[in-house]
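Peer 1: The structure is given below, and queries will be raised subsequently.
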Amino acid sequence: MNYELKYIPQHIAIIMDGNGRWANERGKERSYGHQAGVEAVRRITAECTRLGVKYLTLYTFSTENWGRPADEVAALMGLVLSSLEDEIFMKNNVRFRVIGDVQRLPDAVQQKLRETEEHTAKNDAMTMVVALSYSSRWEITEAVRKIASEGLQDITEETVSQHLTTNFMPDPDLLIRTGGEVRISNYLLWQIAYSELYFCDTYWPDFDEAELHKAIESYQSRQRRFGKTEAQVESEASPLNEK
Numbered sequence: 003m004n005y006e007l008k009y010i011p012q013h014i015a016i017i018m019d020g021n022g023r024w025a026n027e028r029g030k031e032r033s034y035g036h037q038a039g040v041e042a043v044r045r046i047t048a049e050c051t052r053l054g055v056k057y058l059t060l061y062t063f064s065t066e067n068w069g070r071p072a073d074e075v076a077a078l079m080g081l082v083l084s085s086l087e088d089e090i091f092m093k094n095n096v097r098f099r100v101i102g103d104v105q106r107l108p109d110a111v112q113q114k115l116r117e118t119e120e121h122t123a124k125n126d127a128m129t130m131v132v133a134l135s136y137s138s139r140w141e142i143t144e145a146v147r148k149i150a151s152e153g154l155q156d157i158t159e160e161t162v163s164q165h166l167t168t169n170f171m172p173d174p175d176l177l178i179r180t181g182g183e184v185r186i187s188n189y190l191l192w193q194i195a196y197s198e199l200y201f202c203d204t205y206w207p208d209f210d211e212a213e214l215h216k217a218i219e220s221y222q223s224r225q226r227r228f229g230k231t232e233a234q235v236e237s238e239a240s241p242l243n244e245k
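The structure is reproduced here in structure tokens:
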């Protein structure tokens, strides 16, 4: 399926929901669903790269997820280690970055994250950002602490944005949530102020290229106004205003 390149969202953020329910419906442990979810990550990473998406941010593990059963958390941490393989990044020329309170992660996971970031640093087709031990309220709180510690007085929206962990990339154009839930779950709250939102019932392990295309088609059908009137947007888009 082909799309006009100018309408491809440059930054897609995804809440990958439904792994556990997907596994339960098949009589399996939740960890089985998380493993299947890794395969979906591989599919979507490759397709986003092919389409020309520049940033893909995946909500992998929230700070609230630390409250889950210890065996599930341990399985998830093990899965992080095993899934950070070179193939998914080097094959697709994808750079890897991580955001979140990584100091809470096991030492082995922290080391693997650093190694993967360093090894993929020169890849430039797309940047995959994994939100790990992340929550937006944690991120904003940390930004406020940094600003206060620097003694800044003239604080603007740009000041806040520069102190967030996402300061190296643009805000998401499109936020996708799978699994049938219709909420944001403490994810990129500052950054998605003007993002287009797309919710679907498909569980993350079943989310494939066709489902991604549906989300992008929905995005392409919308007019992004950023608080302006429809007439203003149409006027600015007029060929008479092109330089």
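Numbering (my numbering), first residue to last: 3 to 245. Heads up, the beta-carbon is just placed ideally off N, CA and C, and yes, glycines get one too. Values in this document were obtained by computation on a predicted structure and should not be read as measured data.
#1: Going straight from the alpha carbon of residue 35 to that of residue 160, what length do you get?
#2: Residue range of the alpha helix (DSSP H) that residue 119 falls in?
#3: Since residue 200 and residue 176 are thought to touch, with beta carbons under 8 Å apart, how far apart are those beta carbons, to the nearest angstrom?
#4: Report the rounded CA-to-CA distance for residue 13 versus residue 82, giving the unit in angstroms.
#5: Examine the Cβ distances between the region 182 to 193 and the region 56 to 67 and report whether three or more of them are shorter than 8 Å.
#6: For residue 78, I'd like the list of residues in its chain whose CB is within less than 7 Å of its CB, leaving aside the five on either flank, ordered along the chain.
#7: Roughly how many whole angstroms lie between the Cα atoms of residue 125 and residue 217?
#8: Compute the distance between the beta-carbons of residue 128 and residue 180, then report whether it is under 9 Å.
#9: Quick one: residues in its chain with C-beta nearer than 6 Å to the C-beta of residue 16, no 5 flanking neighbours on either side, listed in chain order?
#10: What's the gap between the Cα of residue 76 and the Cα of residue 225?
#11: Around the C-beta of residue 68, are 16 or more other C-beta atoms found within 10 angstroms, so that it is buried, or is it exposed?
#12: Can you list, in chain order, the residues of its chain whose CB lies under 7 Å from that of residue 45, leaving out five sequence neighbours each side?
#13: Can you tell me the Cα-Cα spacing of residue 133 and residue 101, whole angstroms?
#14: Can you give the Cα-Cα distance for residue 122 and residue 91, rounded to whole angstroms?
#15: What's the C-alpha gap between residue 1 and residue 156?
#16: Pull up the DSSP beta-bridge partners for residue 17, would you.
#17: Does the beta-carbon of residue 154 have 16 or more other beta-carbons within 10 angstroms, so that it is buried, or is it exposed?
#18: Go ahead and pull the three-state DSSP assignment for residue 128.
#19: In three-state DSSP terms, what is residue 331?
#20: Grouping DSSP H, G and I as helix and E and B as strand, with all else coil, what is residue 133?
Peer 2: With the structure as the only source:
#1: In the sequence shown, counting from the first residue as 1, residue 35 sits at position 33. In the sequence shown, counting from the first residue as 1, residue 160 sits at position 158. If I take the Cα positions, the gap works out to 39 Å.
#2: Walking along the sequence shown from the start, residue 119 turns up at place 117. Looking at the DSSP string, the run of the alpha helix (DSSP H) that includes residue 119 is 109 to 121.
#3: Here residue 200 is taken as the residue at index 198 of the sequence shown, counted from 1. Here residue 176 is taken as the residue at index 174 of the sequence shown, counted from 1. The Cβ separation is near 6 Å, so the contact holds.
#4: As a first step, residue 13 must be located in the sequence shown, where it is residue number 11. As a first step, residue 82 must be located in the sequence shown, where it is residue number 80. Residue 13 and residue 82: Cα-Cα distance of roughly 23 Å.
#5: Contact holds: three or more Cβ-Cβ distances are below 8 Å.
#6: Against the sequence shown, residue 78 aligns to sequence position 76. Counting only residues of its own chain and dropping the five nearest sequence neighbours on each side, residue 78 has a CB closer than 7 Å to the CB of 36 and 63.
#7: What you label residue 125 is simply residue 123 of the sequence shown in a count that begins at 1. What you label residue 217 is simply residue 215 of the sequence shown in a count that begins at 1. Looking at the two C-alpha atoms, the distance is approximately 26 Å.
#8: As a working mapping, residue 128 is identified with position 126 in the sequence shown. As a working mapping, residue 180 is identified with position 178 in the sequence shown. No; because the gap between Cβ atoms is not below 9 Å, this pair is not in contact.
#9: Locating residue 16 in the sequence shown gives position 14, counting from the first residue. The answer, listed in chain order, is 60 and 178.
#10: Locating residue 76 in the sequence shown gives position 74, where the first residue counts as 1. Locating residue 225 in the sequence shown gives position 223, where the first residue counts as 1. The alpha-carbon atoms of residue 76 and residue 225 are separated by roughly 43 Å.
#11: Taking the sequence shown and counting its residues from 1, the one referred to as residue 68 is at position 66. For residue 68, the number of other beta carbons within 10 angstroms of its own is below 16, and it is reported as exposed.
#12: For this step, residue 45 is matched to residue 43 along the sequence shown. Same-chain partners within the cutoff: 210 and 211.
#13: Position 131 of the sequence shown, counted from the start, is the residue given in the question as residue 133. Position 99 of the sequence shown, counted from the start, is the residue given in the question as residue 101. CA-CA distance, residue 133 to residue 101, rounds to 5 Å.
#14: Position 120 of the sequence shown holds residue 122. Position 89 of the sequence shown holds residue 91. C-alpha separation (whole angstroms): 7 Å.
#15: Residue 1 is absent from the model: the chain starts at 3 and stops at 245.
#16: Here residue 17 refers to the residue found at position 15 when the sequence shown is read from its first residue. Residue 17 is bridged to 61 and 179.
#17: As a first step, residue 154 must be located in the sequence shown, where it is residue number 152. So residue 154 ends up on the exposed side.
#18: Residue mapping note: residue 128 aligns to position 126 of the sequence shown, counting from 1. Collapsing the DSSP output to three states places residue 128 in a strand.
#19: This structure does not reach residue 331, given that the chain is present from 3 up to 245, and the question cannot be answered.
#20: Indexing the sequence shown from 1 puts residue 133 at position 131. Residue 133 sits in a strand when the DSSP states are folded into three classes.
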